[in-house]
Amino acid sequence: MSTTTTRDLARPAPAKASKAKPRRGLRGSSTFNFWLFTGPFLVGLVIFVYVPIGWSIWLSFFEARFTVTPDKFVGFENYRFMLDDNDFVGSLGTFTVFAAFIVPTTWALSLGLALLVNRLRFMRAFFRSVFFLPTACSYVAASLIWKMSIFNGVRFGLANTVIGWFGVDNIAWLANPDPPWYWLVILTARLWLQSGFFMILFLAALQNIPSELYEAAAIDGAKPGWQTFWYITLPQLRATSTAVVLLLLVAAYQAFDEFFNLLSKTTWGRPPLVELYYTALGQNQDYGAGSAGAVMLTLLIVIVTLFQGKLMGFGRGDESK
Amino acid sequence: MTTTAPEVRKTPPSAGEPARRRRGAVMGSTGLYIATGVAAFLFLIPFYLLVRNSLSTDPDITGENWKFFPTDIQWDNITEPFRDTTVDFGQSMVNSLIVGVLHTIGTLLVCSLAGYGLARIPYRHANKIFYAVLFTLMVPAAVTFVPSFVLVSSLGWVDSYRGLIIPGLFSGFTCFLFRQYFLGFPKELEEAARVDGLGYWGAYWRVVVPNSLNFFAAIATITFINGWNSFLWPLVIGQDPSAWTVQVALSSYMTNQTVNYHLIFMATAISILPLLFVFLFLQRWLVQGIAQTGIKG
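Take a look at the structure:
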């Protein structure tokens, strides 16, 4: 602490004869301060992020059932086990289907809502709040409403009531994987929950587009509507879109809550995290195999993230603007 | 603000706008409001069902004919989750409040300090350390729940507030947001404070923080919402029902043998209330903060 307050005294004393750098005297004081500020965070980061990652890699090479201090080294056996496990590989497939639908639909819906709200002249704040409000709901709460009230497989569920008006029979939305109606339940729940949040991002971006661009386009004869949308709005939203897609992908990989709660007793439609949950914390408590799966999933996410970043020029194109 | 052009054209034209603005304006804006209204209606249905079901009797919910309104509003239902003996709902609400508040305060403290250090204090290895923080963004926290659980259980923190709160405090993302924010903070203010004899520490607490309350409030709301709504980690850590957060308690209702509809919906409605308050009173900060947290690439 004393070094902080005596900074001014420390300045003229070039005690350490280190390599020539300007403001040499300040070095000690700023180094101390740097650690004072970042130290607590970095210590926590090492203990609660880096150590688990390292431990995970280490555990993945051991047979570790019901124990976290295993002694039987099995090499890549856990990895082979997980890759041979149809459920785990299937969960990656489940994720792929899920991401392929949820990323574009959320992107489109949140952008669409942002465009609508942005054009409103009255009650803009009201509608923005309505679309944003589901963000206050947890995935657990939404799963409850979806499972017990909207997509209840019996006649009093809202969806079955509505299709009943048209003479369609009740559908067991979640209890049957064939046809896979459960996808509709899961996708609508997530769409409802997350679109409002991304709408806010798009709204902010829309409001940052200089209106001169639209005026210039109007002078050049661009028709308001699709033309200005396509040639001005969309390109101007590029940076935001890239970030949104990236966030959506990462969020999709982490999908757990609604799958766990909507499909708790079923064996179908398990994304990777649910599968890992049952592997590591289920009956077998197989930490080794669970860790191997977590390592593979992490690698996959890193690769996809890097690839997507490269593809869409994340963090590159917009800085030169 | 500095535009000299009239403000009339502030909203940019976009998809679906009629070509002739003047004549099409009425038609266009009617269509616009109908489209927005329909979307809003669909977005509100789940909330409506939540309220309707939580104030109904079970026969009203499961009856043969769909009812828009409960035949008789059951205000008594409000206290029922707290009287229910199968799940200690009251305890889970208390747990969630404690965890949510401490999680928010802790995250703000730890991450803002680190973000400031990384943004402002010159240090030879600052860049390397910053990359080490960035790297953790690539590894989603949810993927490391297995080893994190192993770690926390070997510390003996299962079923404790420590286990629920402490591992979540070190968010690389929040630290990153603070760093980006502090990079844009006007340097002159701090320099004036330092000329007046304050060290980094003093300048931070007396000048930087008081001038950044908006940003802190925005991050606080987002952090609280995420903490309140998180499910996977509390599920993993809360082995004993006394350590359940409200989300875990809600989830347990779904797997219970007996389904008590109005109870489940009332509990869900109560669990959302704190966040609705946050939304109503802090929405401006929240929206600003989300927009500001600089998802700009």
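Taken in order, these protein sequences are the chains called V and H.
The opening residue of the first sequence carries number 145 in the working numbering; numbering runs sequentially from there.
The opening residue of the second sequence carries number 1409 in the working numbering; numbering runs sequentially from there.
Ideal Cβ positions, reconstructed from N, Cα and C, are used throughout, including at glycine.
Here the structure is a predicted model, which means the values were calculated and not measured.
Under 8 Å, do residue i and residue j count as touching if we go by C-beta distance?
i: residue 420 of chain V; j: residue 438 of chain V; result: yes
i: residue 1675 of chain H; j: residue 185 of chain V; result: no
i: residue 1673 of chain H; j: residue 1461 of chain H; result: yes
i: residue 1576 of chain H; j: residue 1629 of chain H; result: no
i: residue 1507 of chain H; j: residue 1635 of chain H; result: yes
i: residue 1504 of chain H; j: residue 1654 of chain H; result: yes
i: residue 1440 of chain H; j: residue 260 of chain V; result: yes
i: residue 1632 of chain H; j: residue 1686 of chain H; result: yes
i: residue 303 of chain V; j: residue 289 of chain V; result: no
i: residue 178 of chain V; j: residue 1524 of chain H; result: no
i: residue 349 of chain V; j: residue 381 of chain V; result: yes
i: residue 432 of chain V; j: residue 273 of chain V; result: no
i: residue 1458 of chain H; j: residue 1677 of chain H; result: yes
i: residue 1616 of chain H; j: residue 1593 of chain H; result: yes
i: residue 1529 of chain H; j: residue 1589 of chain H; result: no
Do you know whose CA, among the options, lies nearest residue i's CA?
i: residue 1579 of chain H; options: V/193, V/446, V/447 and V/445; result: V/193
i: residue 1467 of chain H; options: V/300, V/210 and V/324; result: V/300
i: residue 1586 of chain H; options: H/1602, H/1515, H/1635 and H/1694; result: H/1515
i: residue 377 of chain V; options: V/292, V/237 and V/354; result: V/354
i: residue 411 of chain V; options: V/230, V/270, V/250 and V/394; result: V/230
i: residue 1492 of chain H; options: H/1527, H/1617 and H/1670; result: H/1670
i: residue 1452 of chain H; options: V/372, V/360 and V/270; result: V/270
i: residue 318 of chain V; options: V/297, V/286 and V/427; result: V/297
i: residue 1478 of chain H; options: H/1665, H/1574, H/1465 and H/1657; result: H/1465
i: residue 175 of chain V; options: H/1533, H/1601 and H/1699; result: H/1533
i: residue 249 of chain V; options: V/340, V/221, V/204 and V/173; result: V/340
i: residue 445 of chain V; options: V/268, V/390, V/188 and V/183; result: V/390
i: residue 351 of chain V; options: V/264, V/426 and V/217; result: V/264
i: residue 1527 of chain H; options: H/1484, H/1443 and H/1584; result: H/1584
i: residue 1487 of chain H; options: H/1690, H/1519 and H/1679; result: H/1679
i: residue 430 of chain V; options: H/1613, H/1611 and H/1554; result: H/1554
i: residue 1699 of chain H; options: H/1658, H/1626, H/1652 and H/1688; result: H/1626
i: residue 1658 of chain H; options: H/1494, H/1471, H/1446 and H/1447; result: H/1494
i: residue 1473 of chain H; options: V/308, V/418 and V/215; result: V/308
Distance check for residue j and residue i, CA to CA, integer angstroms please.
i: residue 277 of chain V; j: residue 252 of chain V; result: 19 Å
i: residue 408 of chain V; j: residue 1663 of chain H; result: 8 Å
i: residue 312 of chain V; j: residue 325 of chain V; result: 15 Å
i: residue 1482 of chain H; j: residue 1559 of chain H; result: 47 Å
i: residue 447 of chain V; j: residue 228 of chain V; result: 22 Å
i: residue 454 of chain V; j: residue 1489 of chain H; result: 51 Å
i: residue 333 of chain V; j: residue 1546 of chain H; result: 26 Å
i: residue 452 of chain V; j: residue 236 of chain V; result: 18 Å
i: residue 1463 of chain H; j: residue 1665 of chain H; result: 22 Å
i: residue 404 of chain V; j: residue 224 of chain V; result: 26 Å
i: residue 1509 of chain H; j: residue 359 of chain V; result: 48 Å
i: residue 1574 of chain H; j: residue 266 of chain V; result: 45 Å
i: residue 1682 of chain H; j: residue 1502 of chain H; result: 12 Å
i: residue 413 of chain V; j: residue 1692 of chain H; result: 38 Å
i: residue 422 of chain V; j: residue 1544 of chain H; result: 25 Å
i: residue 1650 of chain H; j: residue 1496 of chain H; result: 8 Å
i: residue 232 of chain V; j: residue 416 of chain V; result: 7 Å
i: residue 165 of chain V; j: residue 1511 of chain H; result: No answer about residue 165 of chain V holds up, because its pLDDT of 43 lies below 50 and its placement is not dependable.
Would you mind reading off the limits of the alpha helix (DSSP H) that contains residue i?
i: residue 1583 of chain H; result: 1580-1591
i: residue 235 of chain V; result: 230-263
i: residue 1511 of chain H; result: 1497-1528
i: residue 196 of chain V; result: 195-203
i: residue 1487 of chain H; result: Note, residue 1487 of chain H: premise wrong, no alpha helix (DSSP H); not H, not E.
i: residue 421 of chain V; result: 416-425
i: residue 362 of chain V; result: 355-363
i: residue 1567 of chain H; result: That residue, residue 1567 of chain H, is in no alpha helix (DSSP H); it is neither H nor E in DSSP.
i: residue 343 of chain V; result: 326-351
i: residue 394 of chain V; result: 382-397
i: residue 1656 of chain H; result: 1654-1663
i: residue 374 of chain V; result: Unbroken run through residue 374 of chain V: none, as it is neither H nor E.
State yes or no: is the beta carbon of residue i nearer than 8 Å to at least one beta carbon in chain B?
i: residue 1618 of chain H; result: No chain B appears in the structure shown, which is made up of the protein chains V and H.
Would the segment 1634-1645 of chain H count as touching the segment 390-406 of chain V if we require 3 or more Cβ pairs under 8 Å?
Touching, yes.
Counting Cβ pairs, one atom from each stretch, are 3 or more of them under 8 Å apart for the segment 363-371 of chain V and the segment 272-292 of chain V?
With the cut-off at 8 Å, the segment 363-371 of chain V and the segment 272-292 of chain V do not touch.
Closer than 8 Å is the cut-off here; do at least three beta carbon pairs connect the segment 208-217 of chain V with the segment 1565-1572 of chain H?
Taking 8 Å as the limit for Cβ pairs, the verdict is that the segment 1565-1572 of chain H does not touch the segment 208-217 of chain V.
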